[in-house]
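**Q** Protein sequence lines correspond, in order, to chains C and W.
Numbered by this note's numbering, the letters in the first sequence go through residues 1370 to 1452 in order.
Numbered by this note's numbering, the letters in the second sequence go through residues 3 to 239 in order.
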Amino acid sequence: MSDNKKAVVHVRLKDGVLDPQGVTIHKALLQMGYDDIQSVRTGRFFELEISEKASDIDRKIDEVCSKLLANPVIEKYSVEKLG
Amino acid sequence: MKVGVVTFPGSNCDYDAYQAVRAVLKEEVEFLWHKSSDLLGSDLVILPGGFAYGDYLRAGAIAKFSPIMDKVIEFARSGGLVMGICNGFQVLTECGLLPGALMRNEHLRFSCKFVHLRVENDSTVFTQACHHGDVLKIPIAHGEGNYYHFDDELKVLEDSGQVAFRYCDAAGNITDEANPNGSAHNIAGVTNREGNVLGMMPHPERVVEDILGSNDGMRIFESVRAAVAAASGLVKS
C-alpha cells in the first residue's frame, strides 16, 4: 500500500473574465426550468499523486500550477492537499 | 532572407508557411523540428498554425516547453524576428513573449472563414509594406482566438502601438459584427513592446496568390523581407 500523498488543484477563470461555456450551460439550465440557478462558472481540476519522500512540496505544487496548470493571465487556482 | 518554420507534433500549417516562403516569396526556408535546438541561422522564425501537442491543457501550453522553444525565446529576447500564426500566436502568449491570452471564441464555435483586418500600425517590421488603415482580406480558422487582456494592459498595448491588426468590415470599420470571436478591442494581432515578435490569429500564409482568393498575406511576408534586406544588422539566429 503506497503512502503517496494527493493534492487536488482547481483551476478556474478569474472573476470578471467572461466564461462563454459557463454562460451557455447556464442558458441550458434555465431552458430546463432550473431558474433558481443564477450563474455558472466552469473550471477543471487535477489530481496530483505525490511521492511520500517529496520535500518542499507546497512550493513545488505552486510552481506546477503557475508554470503549467493555470495561465496566470486569465486563470486562478487553489490547492487542496489530501493525506 | 532565411526563414525557419517550426514543426510541433500537431502543427498543420507548417507546409503552407513553407510553400508561401519558398514558392511565392522565393526565399530560403527550412523546417525546424520541435526537438531540435538549432534555428539554422534563420532571420525569421515562424510558429505555424495547428494544434501543437493536441492543444492538451490549453492551446500552446505544452508546446512552450519544447526544446526548440528555448531557442526561439532566446532568439526573440535578443531581438530576432518571430511570427506566430494562429496556434503559433497562442504559443507566444503562453510562453510570455506576447501579452494577453487567447480564450475560447465567445460563440464557442470553430470559425473558418475570410475576415478583413485593418492595419493599425504600419511602422512594424511585419507591416511596413502596408499603410495605416489598409484593409487586408485574410482567413481565420480557430476555436480559441478570443484575445483577452485586462483593461489597463489593453490601454498600454494601445498607447504603445502594439496592436498591429484589428478585425473590421470590408470598408475598414471596426464593428462588433466584424469581430469573429469576441476579441477585446477587435484585436487580431499584436506585437511585443520591442516590435520584433508578432502574433496574429488570421493566416497570411494561406493567401499568397490570387488563385487562393487573396494575396494580401504577401504584404506581411514582403514587409519582413524588406526589413531583413534593409537591416543587415538584424539579429541572426
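Don't be surprised by glycine CBs; every beta carbon is placed ideally from N, CA and C.
What number of angstroms, rounded off, separates the C-alpha of phenylalanine 33(W) from the C-alpha of glutamate 224(W)?
**A** Spanning the two alpha carbons is a distance of roughly 20 Å.
**Q** Taking Cβ-Cβ distances shorter than 7 Å, what residues in chain W pair up with threonine 1393(C)?
**A** Here the neighbours are Leu110.
**Q** Say whether chain W places a C-beta atom closer than 8 Å to the C-beta of isoleucine 1430(C).
**A** By this cut-off, isoleucine 1430(C) is not an interface position.
**Q** Taking the Cβ atom as the reference point for each residue, do valine 226(W) and leucine 46(W) lie within a distance shorter than 8 Å?
**A** Cβ atoms of valine 226(W) and leucine 46(W): closer than 8 Å.
**Q** Any C-beta of chain C sitting closer than 8 Å to the C-beta of glutamate 207(W)?
**A** Cβ-Cβ to chain C under 8 Å: no for glutamate 207(W).
**Q** Which ranges would you report for the alpha helix (DSSP H) in the region 84 to 108 of chain W if only whole runs of at least 4 residues count?
**A** Correct list: 89 to 96.
**Q** DSSP beta-bridge partners for phenylalanine 1414(C)?
**A** Bridge partners of phenylalanine 1414(C): His1379(C).
**Q** Does the beta-carbon of valine 158(W) have 16 or more other beta-carbons within 10 angstroms, so that it is buried, or is it exposed?
**A** Counting Cβ neighbours within 10 Å, valine 158(W) comes out exposed, since fewer than 16 surround it.
**Q** For arginine 60(W), return the contacting residues in chain C, with the cut-off set at a CB-CB distance below 7 Å.
**A** Correct list: Asn1440.
**Q** For the beta strand (DSSP E) that alanine 143(W) lies in, which residues bound it at each end?
**A** Element bounds for alanine 143(W): 137 to 144.
**Q** Roughly how many angstroms separate the alpha carbons of phenylalanine 1414(C) and proline 101(W), rounded to a whole number?
**A** Cα-Cα distance, rounded: 26 Å.
**Q** Taking only the alpha-carbon atoms, compute the straight-line gap between leucine 156(W) and asparagine 1373(C) and give it to the nearest angstrom.
**A** Taking the straight line from one Cα to the other gives about 44 Å.
**Q** What residue range does the alpha helix (DSSP H) around glycine 184(W) cover?
**A** Run containing glycine 184(W): none; DSSP gives neither H nor E here.
**Q** Counting Cβ pairs, one atom from each stretch, are 3 or more of them under 8 Å apart for the region 165 to 177 of chain W and the region 52 to 70 of chain W?
**A** Touching, no, given that fewer than three Cβ pairs across the two stretches are closer than 8 Å.
**Q** Would you check if the region 184 to 196 of chain W and the region 140 to 156 of chain W touch, i.e. whether three or more CB-CB distances between them fall below 8 Å?
**A** The region 140 to 156 of chain W, when compared against the region 184 to 196 of chain W, does touch it at the 8 Å Cβ threshold.
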